[in-house]
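Positions 2 to 113 (the numbering used here) are the ones given, in order, by the sequence shown. A virtual CB, placed ideally from N, CA and C, is assigned to each residue, including glycine. As the structure is a computational prediction, the values presented were derived from the model and not from experiment.
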Amino acid sequence: MKLIRVPSKLQSANDVTLRHQIQSHAMKRYQQEAKTLQVDIVMSLLCGRDTFVLAATGFGKSRIPEMYLDLLAKDCRGRMTGVVVVLNPLDALGNNQVEEKTASGIQTAGRP
């Protein structure tokens, strides 16, 4: 099994440098500053940690795997060599949204 390769300059970077690299990359790609939690999550992934994210709609979760993949080492043709699995449990998302609305006093139909 091949492991995901993180470029050596990122592997050897301290937290401050790594954070700056991620933020710079996000600004270049999205013309928008990355949120602190987005950067923290990408740092966690680059350090090889299993990572789970549960955040509200509109937070910018979809950018996290894009930011991560873009920072991974490329093959000799410049192609990405990693795979990122993103789980999107729509039932759980719907349930969370119903719970949030119910908690804020909005009448809902559906679970829970």
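Coil, strand or helix - residue i by DSSP
i	result
K36	coil
K10	helix
K62	coil
CB contact flag (residue i, residue j, <8 Å)
i	j	result
I65	V86	no
L72	L47	yes
R6	T82	yes
K98	M68	Position check: residue 98 holds Gln in this sequence, whereas Lys was assumed. Taking 8 Å as the Cβ cut-off, Q98 and M68 do not qualify as a contacting pair.
Rounded straight-line distance, which links the Cα of residue j to that of residue i
i	j	result
L94	G79	36 Å
K102	Q33	29 Å
S13	G49	14 Å
K10	A104	47 Å
S63	V54	11 Å
A1	M28	The structure shown has nothing for residue 1, since the chain only spans 2 to 113.
K75	E100	42 Å
T52	D16	17 Å
V59	L19	Val is not the amino acid found at residue 59; the sequence shown has Gly there. Their backbone Cα atoms lie some 25 Å apart in a straight line.
L70	N96	30 Å
C77	G61	31 Å
A56	T37	13 Å
### Query
Between the region 38-52 and the region 17-25, do at least 3 Cβ pairs fall closer than 8 Å?
yes
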